[in-house]
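Numbering (my numbering), first residue to last: 5 to 107.
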Amino acid sequence: MEFCPECGTMLVLKDGALLCRRCGFTTEKQDDKSVLSVERRAKKTITVIEEQSDAGLPTTRARCEECRNDTAYWWLRQLRSADESETRFFRCTKCGRTWREYD
C-alpha cells in the first residue's frame, strides 16, 4: 500500500498507474511492490412498507388519549442497554396512534 507524498491519501491503481484521488498525484506502478485491489459491493436496497397490518399483534386494555378507545396492539423492543428493561409500545386499534411506556 502506498500513500501520496503530496497529501498523504492512499494511492489507488488506475490504468497501470498509482493515482491519488484527492490531489491528482500520479506515479507509475512499481513491479516489485504489491498492489491491493478492492471491489466495492453494490449498495443494499431497503424497502419501506408504508401500510402495515397489525392483525398478528396481541391486544391489551390500554386507553388511547386521542380517541379514548380502550384496546391497543402491543409489542416489546429493547431500545436501551441490555441491563435495562424493554420498552412497551402500544398502537390504538381504532385511530392508530402509537405510544410507549417505560418501566
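Beta carbons: idealized from backbone N, C-alpha and C, even for Gly.
> Near C68, what residues of its chain come up, given a Cβ to Cβ distance below 6 Å and the 5 sequence neighbours on each side ignored?
Replying inline: If you number the sequence shown from 1, residue 68 lands on position 64. Excluding residues within five positions, the ones whose Cβ falls inside 6 Å are C96, R101.
> At what residue ranges does the stretch 73-102 contain a whole run of the beta strand (DSSP E), taking only runs of 3 or more?
Replying inline: 75-81, 91-96
> Who pairs with L23 in a beta bridge, going by DSSP?
Replying inline: Translated into positions along the sequence shown, residue 23 becomes position 19. DSSP, once it has assigned bridges, lists V16, T30 as partnering L23.
> Which stretch, first to last residue, makes up the beta strand (DSSP E) that contains R44?
Replying inline: Stepping through the sequence shown from its first residue, residue 44 is reached at position 40. In this chain, R44 is not harboured by any beta strand (DSSP E), its DSSP state being neither H nor E.
> Closest by CA to F93, which one among L80, D87, C99?
Replying inline: By one-based count along the sequence shown, residue 93 stands at place 89. For F93, the nearest C-alpha among the options comes from L80.
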